[in-house]
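Asker: Residue numbers (my numbering): 126 to 365.
Cβ atoms here follow ideal geometry from the backbone N, Cα and C, with glycine treated the same way.
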Ligand code: SF4
């Protein structure tokens, strides 16, 4: 269902506009899928700075994923403590590594035994189901990993995507995040989902911020506030 009746053409126009403003979407980082998975677990309920510090400490302390999996639990908790929720995250990281290793059986050794690159060969829904089988990896986290690392056609709804989708009238004003996800999933063509998502985030960070409104060439006619208040002179207090 597409309650706002947003056409594919309109979505493609927005995507073109985003690329004109910000260039092509950035490519995924050079990290491996497992590095990204572990980093994602560390990032839960903390900021990027503390996540990065914890990840660096993990790398300094252990030389391989096998060492992390077999690490003494209290020591691992202590190593990643700065990211918060140390006991939970240590348990989740070791459990995730165990699941990945057991998935491969005896077929690989070294860090290959901990690789999740095989998800690349699965359909999106199967890859999502596999990831959400790991304790602590919910649908949202799985979508983040599949989008940001694997470049799969999924759209995680973070704070920027959620805000702009409503401001652009892509979803109803009162849509929940879950609803926003299912609508975007339906109306954004698969082959542009990755770029569309990454550039919406850029638009949210650089122009369409949570507080206040930009008044510049990076705003979109698609935005009702821009059309009616900024361009149209309507009293912002009367803006609905
Ligand atoms: S006016 Fe500009 S900053 Fe404000 S919601 Fe519209 S696009 Fe975003």
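Count Cβ pairs between the segment 161-168 and the segment 215-224 that sit closer than 8 Å; are there 3 or more?
Answerer: yes
Asker: Can you give me the Cβ contacts of residue 282 inside the same chain, cut-off strictly under 6 Å, excluding the 5 residues immediately before and after it?
Answerer: By one-based count along the chain shown, residue 282 stands at place 157. The answer, listed in chain order, is 302, 305, 306.
Asker: Between residue 228 and the ligand SF4, is the CB less than 7 Å from at least one heavy atom?
Answerer: As a first step, residue 228 is located in the chain shown; it is residue number 103 there, counting from the start. Residue 228 has its Cβ no nearer than 7 Å to any heavy atom of the ligand SF4.
Asker: With burial defined as no fewer than 16 other Cβ atoms inside 10 Å of the residue's Cβ, what is the status of residue 158: buried or exposed?
Answerer: As a working mapping, residue 158 is identified with position 33 in the chain shown. The residue in question, residue 158, is buried, as its Cβ has 16 or more Cβ neighbours within 10 Å.
Asker: Would a C-beta distance cut-off of 8 Å place residue 253 and residue 264 closer than the cut-off?
Answerer: Position 128 of the chain shown, counting from 1, holds the residue named residue 253. Position 139 of the chain shown, counting from 1, holds the residue named residue 264. A contact, by the Cβ cut-off of 8 Å.
Asker: Tell me the residue span of the alpha helix (DSSP H) that contains residue 329.
Answerer: The residue given as residue 329 occupies position 204 in the chain shown. Residue 329 -> alpha helix (DSSP H) spans 315-331.
Asker: Would you call the CB atoms of residue 102 and residue 196 closer than 8 Å?
Answerer: Lying before the first or after the last residue shown, residue 102 is absent from the chain, which here runs from 126 to 365.
Asker: Whose C-alpha, out of 202, 336, 151, 351, is nearest the C-alpha of residue 342?
Answerer: Residue numbering aside, residue 342 sits at position 217 when the chain shown is read from its first letter. Relative to residue 342, the option among 202, 336, 151, 351 whose CA is nearest is 351.
Asker: Could you give the distance in angstroms between the alpha-carbon of residue 235 and the alpha-carbon of residue 228?
Answerer: To locate residue 235, count along the chain shown from 1; it is residue 110. To locate residue 228, count along the chain shown from 1; it is residue 103. Their Cα atoms are separated by approximately 14 Å.
Asker: Under 8 Å: do the segment 146-154 and the segment 322-334 share three or more Cβ pairs, one atom per stretch?
Answerer: yes
Asker: If you draw a straight line from the alpha carbon of residue 295 to that of residue 167, how long is it in whole angstroms?
Answerer: If you number the chain shown from 1, residue 295 lands on position 170. If you number the chain shown from 1, residue 167 lands on position 42. Whole-angstrom Cα-Cα distance: 32 Å.
Asker: Just how far apart, CA to CA, sit residue 176 and residue 359?
Answerer: As a first step, residue 176 is located in the chain shown; it is residue number 51 there, counting from the start. As a first step, residue 359 is located in the chain shown; it is residue number 234 there, counting from the start. Between residue 176 and residue 359, the C-alpha separation is close to 44 Å.
Asker: In whole angstroms, give me the CA-to-CA distance for residue 279 and residue 319.
Answerer: Numbered from 1 along the chain shown, position 154 holds the residue referred to as residue 279. Numbered from 1 along the chain shown, position 194 holds the residue referred to as residue 319. Going from the Cα of residue 279 to the Cα of residue 319 covers about 7 Å.
Asker: Residue 286 and residue 338 - do their beta-carbons sit closer together than 8 Å?
Answerer: Mapped onto the chain shown, residue 338 falls at position 213. Mapped onto the chain shown, residue 286 falls at position 161. No, Cβ-Cβ distance for residue 338 and residue 286 is not below 8 Å.
Asker: Using a Cβ-Cβ cut-off of 7 Å (strictly less than) and excluding sequence neighbours within five positions of residue 261, which residues of its own chain qualify?
Answerer: Within the chain shown, residue 261 is the residue found at index 136, counting from 1. The residues are 166, 217.
Asker: Using the beta-carbon of each residue, find all residues closer than 6 Å to any heavy atom of the ligand SF4 and list them in chain order.
Answerer: 292, 332, 333, 338, 339, 344, 345, 348, 350, 351, 355
Asker: Tell me which residues share the same chain as residue 259 and place their Cβ nearer than 6 Å to its Cβ, disregarding the 5 neighbours each side in the sequence.
Answerer: As a first step, residue 259 is located in the chain shown; it is residue number 134 there, counting from the start. Result list for residue 259: 221, 224, in chain order.
Asker: Using the C-alpha atoms, what's the distance from residue 274 back to residue 154?
Answerer: Position 29 of the chain shown, counting from 1, holds the residue named residue 154. Position 149 of the chain shown, counting from 1, holds the residue named residue 274. C-alpha separation (whole angstroms): 7 Å.
Asker: Taking all protein chains shown into account, do 16 or more other C-beta atoms lie within 10 angstroms of the C-beta of residue 336, making it buried, or fewer, making it exposed?
Answerer: Residue numbering aside, residue 336 sits at position 211 when the chain shown is read from its first letter. So residue 336 ends up on the exposed side.
Asker: Let me make sure I understand the geometry here. Which of 245, 134, 324, 334 has the alpha-carbon closest to that of residue 152?
Answerer: Looking up residue 152 in the chain shown gives position 27. Cα-wise, what sits closest to residue 152 is 324.
Asker: Alpha helix (DSSP H) containing residue 169: first to last residue?
Answerer: Numbered from its first residue, the chain shown carries residue 169 at position 44. Counting along the chain, residue 169 falls outside any alpha helix (DSSP H), and DSSP gives it neither H nor E.
Asker: In or out: residue 233 buried (at least 16 other Cβ within 10 Å) or exposed?
Answerer: Translated into the one-based positions of the chain shown, residue 233 becomes position 108. The residue is exposed, with fewer than 16 neighbouring Cβ atoms inside 10 Å.
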